[in-house]
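Worksheet: one structure, shown below.
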Amino acid sequence: MKSLVLSTAFLALIAAPALAGKAFISNERGNTITVLNTETWEVETEFFAGNRPRGITASPDGKIIYVCASDDNLVRVFDSTTYEELPSLPSGPDPELFILEPNGERLFIANEDDNLVTVTDTRTRTVLAEVPVGVEPEGMGMSPDAKFVVNTSETTNMAHFISTEDYKIKHNVLVDQRPRYATYTADGTRLFVTSEIGGTVTAMDIAEDGAPTVIGKITFEVAGVQPEWLQPVGAKVTSDGKRLFVALGPANRVAVVDAQSLEVLDYILVGQRVWQLSFTPDEKYLISTNGNSNDVTVIDVASEKAIKSIQVGQQPWGVVTIE
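Per mature numbering (1 follows the signal peptide of the UniProt record, and there is no 0), the sequence shown runs over residues -20 to -1, 1 to 303.
Have a look at this one:
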């Protein structure tokens, strides 16, 4: 009898479907978040996310979704299972992008209108610091050891390296015009900063103490596409540090770059005005938000090919995935 019970339990376990992952897409004009099932690639639901939702991220355990409600001047917070809205977080005016430290405690938020980075404690829902930076801050990246936050200022054309210990700027690096995004490799030895109007990605080597050294710039060229349309915005690098994917805005392409040699290997055609990118947690897929075609494109990372497009809300901006 005991073995029969165990066998029945085992069969029930293996027959139970695995929980599907989800992608959460912020729709800037629609004021909503669209939820996608990342196994079936079907829309599960869409819910109100505040006014002009842009930057979006998740807690380390995937239970909480944070979104910059830019026109509400706060960060809205949602349960990732029930989609219930939870108490919001102070953000400073016009939050656009942010980065959450790996332990989930502090949120570093770019305030585009006030030239500040606001540091908010997600547990106490209080502001810990306001860091003056350059004009029109947007991009936010964090070193894997969480010792530095990198903010990019669009008008100053600079990457600011902020210590997470004392909230002071330790390094400033001039980059090309209108820097939009910053992302480190998983080992923390290299940083990439995209410049939308400059049309480049600046690559920096990072020393053990966090100091940056510019080692080169990545440029782009697509037959039949005007050079001014090649506008690097969002970017993601694979965890092995081998591939960098760059969203090229109105060029409607995602560039595939060798993250070591900085050589552009290919361009993947996606939707219109591709803006931000997110890997699924297993890195099998990369999702791009395409603001002017109101859809997202799913890219197979291994083959570096687009495999599917899904209609979402109005003007999708940001995306985050959870297991």
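For every residue, glycine included, the Cβ atom is placed at its ideal position computed from N, Cα and C.
| query | result |
| --- | --- |
| The beta strand (DSSP E) enclosing residue 249, as first and last residue numbers | 244 to 249 |
| DSSP-derived helix/strand/coil call for residue 300 | strand |
| Minimum C-alpha distance to residue 94 - residue among 107, 73, 144, 82 | 73 |
| Test item: CB-CB of residue 235 and residue 200 under 7 Å | yes |
| Minimum length 3: unbroken beta strand (DSSP E) runs contained in the segment 130 to 196 | 138 to 143, 149 to 154, 159 to 164, 170 to 175, 180 to 186 |
| At least three beta-carbon pairs within less than 8 Å, the segment 88 to 103 to the segment 150 to 163 | no |
| Helix, strand or coil at residue 50 [DSSP, three-state] | helix |
| Host beta strand (DSSP E) of residue 313 (start-end) | For the chain, the structure presents residues -20 to 303; residue 313 sits outside this window and is missing. |
| Simplified DSSP assignment, three categories, for residue 208 | helix |
| For residue 161 and residue 123, believed in contact at Cβ under 8 Å, the rounded distance | Contact doesn't hold; Cβ gap of about 15 Å is too wide. |
| Proximity to residue 303 [Cα-Cα], best of 10, 16, 7 | 16 |
| Coarse secondary structure for residue 113, derived from DSSP in three states | coil |
| Where residue 91 falls: helix, strand or coil (DSSP) | strand |
| Residue 221 to residue 167 span [Cα, whole Å] | 8 Å |
| Collapsed DSSP secondary structure at residue 63 in the structure displayed | coil |
| Close beta carbons around residue 296, own chain, < 8 Å, minus the five adjacent residues each side | 5, 6, 7, 8, 14, 255, 269, 270, 271, 274, 275, 276 |
| Neighbourhood of residue 80 by C-beta distance below 6 Å, restricted to the same chain and skipping five residues each side | 37, 87 |
| Span of the beta strand (DSSP E) around residue 35 | 33 to 38 |
| Cβ pair count under 8 Å reaching 3, the segment 135 to 149 against the segment 104 to 118 | yes |
| Between the CA atoms of residue 34 and residue 217 - distance to the nearest angstrom | 21 Å |
| Presumed contact (8 Å Cβ cut-off) between residue 31 and residue 59, rounded CB distance | Not really, about 20 Å apart at Cβ, beyond 8 Å. |
| Unbroken beta strand (DSSP E) run spanning residue 98, endpoints | 96 to 101 |
| Proximity below 7 Å, CB of residue 205 to CB of residue 231 | yes |
| Reference residue 56, options 225, 190, 76, 29, closest by Cα | 29 |
| Whether residue 225 touches residue 266 by CB criterion (7 Å) | yes |
| Where residue 7 sits in the DSSP three-state scheme | strand |
| For residue 181 and residue 207, believed in contact at Cβ under 8 Å, the rounded distance | Their Cβ separation, rounded to whole angstroms, is 15 Å, which puts residue 207 and residue 181 out of contact at 8 Å. |
| Bridge-paired residues (DSSP) for residue 30 | Residue 30 is not bridged to any residue. |
| Assigned exposure category for residue 243 - 16 Cβ within 10 Å defines buried | exposed |
| Residue 169 versus residue 127: straight-line alpha-carbon distance, rounded | 13 Å |
| With 16 other Cβ atoms within 10 Å as the buried cut-off, status of residue 92 | buried |
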